[in-house]
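These notes are about the structure you will find just below.
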Amino acid sequence: MERLSEEAKGLQTRLCRRVGQAIADYTMIEHGDKVMVCLSGGKDSYGLLDILLVLRKRAPVHFDLVAVNLDQGQPGFPEHVLPDYLTRRGIPFHIERRDTYSLVKRLIPEGDTMCSLCSRLRRGHLYRLADELGATKIALGHHRDDLIETFVLNLFFNGKLRTMPPKLLSDDGRHVVIRPLAYVEEEDLARYASLRGFPIIPCRLCGSQADLKRQEVKALLREWEHRFPGCANSLFAALANVLPEHLLDRQLMERLQRGRHETSSSSVPDHGAQNPPL
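Going by the numbering used here, the sequence shown runs without a break in its numbering and finishes at 279.
Written as structure tokens, this is what we have:
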């Protein structure tokens, strides 16, 4: 039995409460699920796995966990760290080694961003692994700040009102991706990782460009939060408080109007029908 400091206990309680609330709000985990927790070696995925292990002991439903790491062949990746940690904690795991790094380096011209292709290849392997392991849910370690940053990135650079949803059904309808850390702040995860002593693997492995836009947005959001305290909370709340009729999406507007018309038509009484006797 691991002994936690009082600070670690308090933080763990808060994280469990927020993760539990997100799971309940979006029905992320159900009885009999086998949850494949994607473990990168960063603070977020370690925190996700740790909190799910705690919640599994308390949950009113039974579910299983398996940790999965996709070793993409990045130079300098310390292959022993994750197996040693997971074995020591008695957590079922699978390490998949696929050299997607070399493939991406070969296909993407020098200086161009590799993130999109790398992400697609990784997603395909994770979906395949979920099938092979019999996993019913795929858990990723994106947190509240990731969701806010992605929303702002799409808003500024892609012209879309879009972010990473807490729960997502894959395009083919075969896989369910969940983000149980959706309500958790990055600051809490960083502190928790430090208190728990997770063996963090540095995220400087591919040797390509940093995601400069995301880093700039992160810095911008920090500045906004300093100038306008509570700004991040408002941005996050906005993601769950959408008023489609007050936006400019014509297709969405047509669907809303069509839905209202169909609802209105179905509620009109049929005067030709005979009312049954009382």
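Built from N, CA and C at the ideal position, the CB exists for glycine as well.
As the structure is a computational prediction, the values presented were derived from the model and not from experiment.
Where the beta strand (DSSP E) containing LEU170 begins and where it ends
Working through the sequence shown from its first residue, we reach residue 170 at position 169. Where LEU170 is concerned, the enclosing beta strand (DSSP E) stretches over 168-170.
GLU217 versus GLY142: straight-line alpha-carbon distance, rounded:
In the sequence shown, counting from the first residue as 1, residue 217 sits at position 216. In the sequence shown, counting from the first residue as 1, residue 142 sits at position 141. Approximately 21 Å between the Cα atoms of the pair.
Measure how close the beta-carbons of GLY33 and HIS63 come, nearest whole angstrom, since I'm counting them as under 8 Å.
If you number the sequence shown from 1, residue 33 lands on position 32. If you number the sequence shown from 1, residue 63 lands on position 62. That pair is a contact at about 7 Å.
For VAL177, which option in ALA9, LYS161, THR137 has the closest C-alpha, if you only look at C-alpha atoms?
Here residue 177 refers to the residue found at position 176 of the sequence shown. Among ALA9, LYS161, THR137, the Cα nearest to that of VAL177 belongs to THR137.
Should VAL20 be labelled buried (16 or more other beta-carbon atoms within 10 Å of its own) or exposed?
Mapped onto the sequence shown, residue 20 falls at position 19. Classification for VAL20: buried.
When you compare each of LEU12, ALA194, LEU53 to ASP65 by their alpha carbons, which one comes out closest?
Numbered from 1 along the sequence shown, position 64 holds the residue referred to as residue 65. Of LEU12, ALA194, LEU53, the residue nearest in Cα terms is LEU53.
Ordered along the chain, which non-local residues of its own chain (more than five positions away) have a Cβ less than 7 Å from that of LYS58?
On the sequence shown, residue 58 is found 57 positions in, with the first residue counted as 1. Taken in chain order, the list of residues that qualify is empty.
What would DSSP say about CYS17, mapped onto helix, strand or coil?
Locating residue 17 in the sequence shown gives position 16, counting from the first residue. Residue state, collapsed to three classes: helix.
Check this for me: beta carbons of VAL36 and VAL55, under 9 Å apart or not?
Within the sequence shown, residue 36 is the residue found at index 35, counting from 1. Within the sequence shown, residue 55 is the residue found at index 54, counting from 1. No, they are not a contact pair.
ASP51 and PHE199 - do their beta-carbons sit closer together than 9 Å?
Translated into positions along the sequence shown, residue 199 becomes position 198. Translated into positions along the sequence shown, residue 51 becomes position 50. Taking 9 Å as the Cβ cut-off, PHE199 and ASP51 qualify as a contacting pair.
Can you check the segment 150-237 for any alpha helix (DSSP H) of at least 4 residues that lies completely inside it and give the ranges in chain order?
The qualifying runs are 187-197, 213-228.
Measuring alpha carbon to alpha carbon, tell me which residue in ASP250, LEU156, HIS95, LEU154 is nearest LEU130.
Taking the first residue of the sequence shown as position 1, residue 130 is located at position 129. Cα-wise, what sits closest to LEU130 is HIS95.
Measuring only the C-alpha atoms, how far is HIS281 from ASP146?
In the structure displayed, the chain extends from 2 to 279; residue 281 sits before or after that span and is not available.
Go through its chain and collect everything with a Cβ distance to ARG259's Cβ below 6 Å, but skip five positions before and after it.
Walking along the sequence shown from the start, residue 259 turns up at place 258. None.
Through-space distance from THR151 to ASN234, alpha-carbon basis
For the purposes of this step, residue 234 is taken as the residue at position 233 of the sequence shown. For the purposes of this step, residue 151 is taken as the residue at position 150 of the sequence shown. Between the alpha carbons of ASN234 and THR151 lies a distance of about 15 Å.
Which term fits ALA211, buried or exposed, when burial requires 16 or more other beta carbons within 10 angstroms of its beta carbon?
Taking the sequence shown and counting its residues from 1, the one referred to as residue 211 is at position 210. Residue placement at ALA211 cannot be trusted, given a pLDDT of 41 that sits under 50; the coordinates are not used to answer.
Could you please give the first and the last residue of the uninterrupted beta strand (DSSP E) stretch that includes LEU71?
The count along the sequence shown starts at 1 and reaches residue 71 at position 70. Run containing LEU71: 65-72, per the beta strand (DSSP E) assignment.
Can you check whether the CB of ASP45 is closer than 9 Å to the CB of LEU257?
As a working note, residue 257 is residue 256 in the sequence shown. As a working note, residue 45 is residue 44 in the sequence shown. No; because the gap between Cβ atoms is not below 9 Å, this pair is not in contact.
For a test of the three-state rule: what should DSSP assign to ILE285, helix, strand or coil?
The structure shown does not extend to residue 285, since the chain is modelled only from 2 through 279, so no value can be given for it.
Test item: CB-CB of TYR184 and ALA23 under 9 Å:
In the sequence shown, residue 184 corresponds to position 183, counting from 1. In the sequence shown, residue 23 corresponds to position 22, counting from 1. Yes. Within cutoff.
Does the beta-carbon distance from LEU280 to LEU87 come in below 9 Å?
Given a span of 2 to 279 for the chain in the structure shown, any question on residue 280 remains unanswerable.
Compare the beta carbon distance of ALA140 and LEU49 with 9 Å and say whether it is the shorter of the two.
Taking the sequence shown and counting its residues from 1, one reaches residue 140 at position 139. Taking the sequence shown and counting its residues from 1, one reaches residue 49 at position 48. A contact, by the Cβ cut-off of 9 Å.
Could you check how far apart the C-beta atoms of PRO167 and ILE179 are, in whole angstroms? I think they sit under 8 Å.
Within the sequence shown, the letter at position 166 stands for residue 167. Within the sequence shown, the letter at position 178 stands for residue 179. Going by Cβ atoms, the distance from PRO167 to ILE179 rounds to 7 Å, so yes, they are a contact pair.
On a CA-only basis, which of ILE202, TYR128, MET165 is nearest GLY174? Give me that one, please.
The count along the sequence shown starts at 1 and reaches residue 174 at position 173. That would be TYR128, whose Cα lies nearest to the Cα of GLY174.
Any idea what DSSP makes of ARG4, helix, strand or coil?
Taking the first residue of the sequence shown as position 1, residue 4 is located at position 3. ARG4 falls in the coil class under three-state DSSP.
Taking the alpha helix (DSSP H) that VAL55 falls in, what are its first and last residues?
Along the sequence shown, read from residue 1 onward, the residue named residue 55 stands at position 54. Counting along the chain, the alpha helix (DSSP H) containing VAL55 begins and ends at 44-59.
If you drop the 5 nearest sequence neighbours on each side, which residues of the same chain put their C-beta closer than 6 Å to that of GLU186?
The sequence position of residue 186 within the sequence shown is 185, counting from 1. If we look at GLU186 and ignore the five residues flanking it on each side, its Cβ neighbours are ARG145.
Among GLN13, ALA9, PRO203, ARG251, which residue has its Cα nearest to the Cα of GLU80?
Working through the sequence shown from its first residue, we reach residue 80 at position 79. The alpha carbon of GLU80 has as its nearest neighbour, out of GLN13, ALA9, PRO203, ARG251, the alpha carbon of PRO203.
Can you give the Cα-Cα distance for PRO61 and PHE157, rounded to whole angstroms?
For the purposes of this step, residue 61 is taken as the residue at position 60 of the sequence shown. For the purposes of this step, residue 157 is taken as the residue at position 156 of the sequence shown. Answer to the nearest angstrom: the Cα atoms are 42 Å apart.
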